[in-house]
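Here is the structure we will look at, set down as C-alpha cells.
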Amino acid sequence: MMINNFFILLRQELVITAIIFILLFIKLGKDKSNESLLHIINVLLFVNLLIGFFPMLEGGLFNSMFATNKLVVLEKNILNFAFWIISLQSYAWLKTHKHVIEFYILLLSSLLGMFFLLSSDHLLMFYVGLEMSTIPLAAAANFDLTKRQSSEAALKLIISSAFSSSLLLLGISFLYGTTGTLILSDIGSHLSYNPLQIFAFILFISGFAFKISAVPFHLWTADVYEGAPIAVTAFLSVLSKSAVLFAFISILYKAFASLSSMWYLVLIVLSMATILIGNLFALRQENMKRFLAFSSIAQVGFILIGISGGSHQGSSSLIYFILIYVFSNLAAFGVLSLVSALTGKESIQDFKGFYKNNPTLSWVLTIALFSLAGVPPTAGFFGKLFLLMAGAAKGNYWIIAIAALNMVISFYYYLRVVKAIFMDENDQPIEKLSIPIYPKIAMFICIAGIILTGFLTVVYDYINSLSISL
Amino acid sequence: MNLSLLILLPIITAMAILFSNGLKQIRVIGLLGSIAQLGLASWLLKLYLNERAIGNTATYLFESNYPWFSALHINYHIGIDGISLAMILLTSLIVVAGILVSWTMDKLSKEYFFLLVLLSMGAYGFFISLDLFTLFFFLEVAVIPKFLLIGIWGSGNKQNSAMKLALMLMAGSALVFVGLMGIYYNTHTFDIVQITQIGISAGVQQFFFPFAFIGFGIFAALFPFHTWVPDGHASAPTAASMFLAGISMKLGGYGCLRIASLMPDAAHHYAWIIILLATIAIIYGAFATMMQTDLKYINAYSSISHCGFVILGIGMMNKTSINGAVIQMVSHGLMTALFFAAIGMIYSRTHTRMIAQLGGLLKAMPFISTVFVIAGLCSLGLPGFSGFVAEMTVFMGSWQNPNGVYRLATIISGASIVVTAVYILRATGKTIMGPISNEHALLGDATWNEKLAAVLLIAGIVIIGIAPFLLNALIGPGTDNIMLQVGKAITLK
C-alpha cells in the first residue's frame, strides 16, 4: 500500500525524473541529430503533460513533508503545460544548438524542484525545492555560450538568488526558534505578534519578493532577462514566477493567516511600488526582453493586490490570472524567440513595419500584448479585473483607483509595440519568416487560450472550487 | 427574440470577412452583414412596439440572463428598453452608412472591415447589457478597434491621435471600473435591475458617482476631458470618424444616463457641477469651432458642443430634459455621421479639407454639396431636422427647473446656437458657394454607394425632425422609469 501510494502521489515527479534519465541515456549513446532529439523530447513532454490530467489521490508522504491535493496537481499541470509550450517554441533556436540535452536536463531539474516546492508541507522541503528550482537556472541562463551578456546574467542570477535564499533561510530559522515547528500547517497556531516572529516574517517576505521580483527587490530582473537566451527568459518569467507565487499564496494563507492584518499592509505597499516602478521603467525600454521583464514586474504588482484581498476569491483569481499569464506571456515570447532565432533581432525598433511581411506573427504578438494589457475580449481582461476585484473586497478603493489608472500607463507601452508593428514606417522590415510546425502549434494553443479562457467559465469555476481561503 | 443575435451577427460577419479575399468580396460581405443588422434592429423595433401595444409594461423587454462567472455574481444579462432600442437603431444605421462610404478602401481592406464590424459588435453589446460587468466588457471591446482604425488608416498626425484617444478612453474605463467596484461591493451584484431594487446608500453614491460619471463622461467628451475628440475625429478615416462620433460617443452618453439613474441621489448632489461643465463644453466647443479652418476639426469641435447638450439634459434630471438628451444623442449621431461622410466624400475628391482651398463645390458636385448643407442646417438646429427637436427638448426641460442658476445656464447654452449658426453658415458658404478652382471643377459627384449612405442618414434626420413624437413614444417608457428612480431619491430626502 505504501509503495502504491508512493507511485501514485509522486507520479508527476517520477515521470520527470524518468525523462531526465532517458535523456541521460540518450546522451551516453551515439550522437543523434538535433531534430530527431527534439521530436523525441517534445513527445515525452507531451506525455508528461497528459499524465498529470489523470485523476489522482490526495495525501501525504514522508511524514507529511510531501503533500498533494487537487489544487497542487492543477498548479503542476499549469507548469507542465507552460514548459511544454516553451519547449515547442524554442525549436528554432535549439535546432542549431550544441547542447540540447543538457539544456533540457537543467530545465527539467528546475521544474522538478518546483514540483517539490509546491507539494511541500514542511519548511525544509520547501527550501530544498526552492533551491533545486533556482540553481539549475543559473547554468541555463548561461546557455548563449558565445554571448558575454549571457554569463553575466548567470552570475547575477546566482548571486541574487543566493542572497534571497539566505534571507529566507534566516527567516525560517527564526520561525523555527520561536514556534518550535517546521510543519507549515502547524506554524499558524504558534504565531502571535511577537517581534521576533514579525522580523522572521519580514525576512521571509523579502526572500519571496526577490524571487518574484517585486520592487524594491527587482533590480536583478531586467539584466538577467536580457542576457539569458529567450527560452530561459520565458522560463524565468513564467514558470519560476508562477511556481513561487503559488507557493507564496499557500504559505501566506495557510501558515501566516494569523498575521493577516500585517501582511495586508506589507503587500499593499509592495504592490503599489511594484506596479508604479515596473510601469515607469517599462515605458523607456528599447529591448523587447527588457520590456517584457519590466512589464512582468508590473504584472506581479497586480497579482500582489489580488493576494492582499486575503480571501478565497484572492487565491482563485491568482491562479486564474497565472493561467492566463502563461498563455499571454508565452505567446509573446514565442514570437520573440522565433524572430530572435531566425534574424537575431530583439529591439522594439526592429519590429517596425513587422506587419508588412509577417501578418500572422504580428497578430499573435498583438493579441498577446493586449491580453497582457488587460483589454477585452482577451482573457487578460478577466484575469486582471478579478485580481483588482479581489483586492477591492477590502474596501480600499483609492488603491484600486491607482492600480486601475496604472493599467492605463501600462496600456501605453503595450500600444507602443503595437504601433511599431502596424503603423511605423520601416525601409527594411523583417522579411517573411517561415514558422516551423512546433512553434506554430504552441502559438495556436496560446492564442486559443487567450481568446477562450474568459468565455469558458468552467475554467474559473474549477479553479474556484479548489482554491484555499484564509 | 433573442437579443444575443445582435452580437452574434457581427461576429459571424467578422468571421466571414476573415475567410474571404479581395476588396470586392469583403465589402459585399460587410454590406450584407450590416444590412442584416439594420434588418434585425428594425424587426426588433417592430417586436418591441407590438409588446408595448399589447400592454407589456415591463421596464426591460426581451430579457435573458445567463450566469457567466457565477462565483463572482457576474451574469450575462441582456434586455432593452426604448432608450437602448433607439441607440441600437442608430448604431445599425450608421454601420450601414459607414460600410457604404468605405466602399473603395483598398489598403488592408480585410483588417479595416473586420475592425469596423468588431466596433459595431462592442456597441450592440453595450446597449443591450443589463449587467454592469457585461456593459464594461463591451465598452472596452470598442476601444482597440478605434486605436487601430485611426493609427493605420488615418491621416495627419494619426499615431499621436490614436494613442491619445486610446489612453484617454482607457483612463475613462479605469474610472468607470472603480465606480463599478463601489457599486458591486455595496450591493453584491452587477445586475442593473437588482441594483435598482436594492438601492445604494447616499454616502456611497456620493463617493462613487464621480468616478463612474467622469469615466463615462470622457467617452462623451465631457469638459475638460474632451481633448481626444478633435484629434481623434480629425485623424480617423471617414468611416471611423462616423463610428466615433455616431456610436462611440453615444456609449459615453448612454453610460452617464444609466449611472445617473442608478445613483440618483448623487446625480442630484452633483447636478450643479454637471450642468456647469456641460455649459462650458457647449460654449467652449462652439467658440473653438469658429477658429477652425479644417472641415473635420470644425465637425469635431462642434461635436463637443453638441454632446454638451446631452450632458446638460442628464444633469437637469427631469423627464423632458432626459428625453431631450436621448433625442440629442440620436440626432447628433446621425447628423455628425452625415457630416463626416460628406467631408470624406469631398476630401477623397479634392484631397484637402481646408476651407480656404475649397469653394464653389456646388457646381462640380451638387449632391455632395446638398448633403453637406443638410448636415450643416441640422447642426445649427433648423426646424424640420432632428437637431432642432433635440435641442428644443433639452432647453424646454432645462427651463422647467425653477432654480435661477440653472436657468442662466440654459440661457447661455441657448445662446451657443447663434455661434453655431455663424460657423456653420461660414463653413458651408465658403465651401460650396463662390468661384470654384479649376482643378476642382472637373471632379465627379457622389457614386451610388455614397448616395445611398447619405440618403439613409438624411432619412433618419428628417423623420425625427418632422415626427419627433415617434422617437418620443419609443423612449418615453425608458425615461419614465429613470424618473421613477429619481423620484424615489427625492422623496427619500
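Residue numbers (numbering that gives the first Met the number 0), protein chains in the order written: chain A, 0 to 469; chain B, 0 to 492. We put the beta carbon where it would ideally sit given N, CA and C, even for glycine.
Note that the C-beta distance between Ile73 (chain B) and Leu2 (chain B) is not below 8 Å.
By DSSP's assignment, Leu60 (chain B) forms a beta bridge with B:Ile79. DSSP places Leu174 (chain B) inside the alpha helix (DSSP H), whose first and last residues are 157-186. Using beta-carbon distances, Met113 (chain A) does not count as an interface residue toward chain B, since no partner is under 8 Å. In this structure, the CA atom of Leu386 (chain A) is about 41 Å from the CA atom of Met104 (chain B). Under a 10 Å Cβ-count criterion, Asn405 (chain A) is classified as buried, with 16 or more other Cβ atoms of the shown protein chains found around its own Cβ.
Look at Ser316 (chain A) here: in three-state DSSP terms it is helix. Taken through DSSP and simplified to helix, strand or coil, Thr180 (chain A) comes out as coil. Contact check for Gly305 (chain A) against Leu322 (chain A) fails: the beta carbons are separated by 8 Å or more. Distance from the CA atom of Ile151 (chain B) to the CA atom of Asp479 (chain B), rounded to whole angstroms, is 43 Å. Between Ser234 (chain B) and Ser119 (chain B), the C-beta gap is not smaller than 8 Å, which leaves the two residues out of contact. Residue range 65-67 is occupied by the beta strand (DSSP E) that includes Thr67 (chain A). Around Ala139 (chain A), no beta-carbon contact reaches into chain B at under 7 Å, the shortest distance being about 36 Å. Considering only beta carbons, the part of the segment 148-161 of chain B lying closer than 7 Å to chain A consists of Gly150, Ile151, Gln158, in chain order. In this structure, DSSP gives Tyr65 (chain B) an extended state, which the three-state scheme calls strand. Comparing alpha carbon positions, the residue from B:Ile79, B:Asn64, B:Asn448 closest to Ala340 (chain B) is B:Asn448.
DSSP lists B:Asp190 as the bridge partner or partners of Asp130 (chain B). DSSP places Leu442 (chain B) in no alpha helix (DSSP H); its state is neither H nor E. At least 8 Å separates the beta-carbon of Leu470 (chain B) from that of Ile297 (chain B).
If the five residues before and after Leu93 (chain A) are omitted, its C-beta is found closer than 8 Å to the C-beta atoms of Asn33, Leu37, Val99, Phe102, Ala230, all from its own chain and listed in chain order. In this structure, Ala246 (chain A) sits near Phe125 (chain A), with a CB-CB distance shorter than 8 Å.
Val325 (chain A) is a Cβ neighbour of Ile77 (chain A), given a cutoff of 8 Å. At a Cβ-Cβ threshold of 8 Å, Val228 (chain B) and Ser154 (chain B) do not count as neighbours. Counting along the chain, the unbroken beta strand (DSSP E) around Leu60 (chain A) starts and ends at 58-60. When DSSP reads this structure, Met353 (chain B) sits in a beta bridge with B:Asp293.
At least 8 Å separates the CB of Leu73 (chain A) from every CB of chain B. Contact between the segment 348-365 of chain A and the segment 163-180 of chain B is absent: fewer than 3 CB-CB pairs across the two stretches fall below 8 Å. Within the segment 65-92 of chain B, contact with chain A at the beta-carbon level (separation under 8 Å) is assigned to Pro66, Trp67, Phe68, Ser69, Ala70, Leu71. Cβ proximity to chain A below 7 Å picks out Val177, Met180, Gly181, Tyr184 from the segment 177-201 of chain B. Near chain B, meaning a CB-to-CB distance below 7 Å, no residue of the segment 269-289 of chain A qualifies. With a beta-carbon spacing of about 6 Å, Ile87 (chain B) and Tyr123 (chain B) fall inside the 8 Å limit used to define contacts. Contacts with chain A at 8 Å (Cβ-Cβ) do not include Ile6 (chain B).
At a cut-off of 8 Å between beta carbons, Pro375 (chain A) contacts chain B. The segment 332-344 of chain A and the segment 407-427 of chain A do not touch, with fewer than three beta-carbon pairs separated by less than 8 Å. With respect to Thr180 (chain A), Ile171 (chain A) sits apart: the two C-beta atoms are not nearer than 8 Å. Within chain A, the C-beta atoms nearer than 7 Å to that of Leu166 (chain B) come from Val407, Phe410, Tyr411, in chain order.
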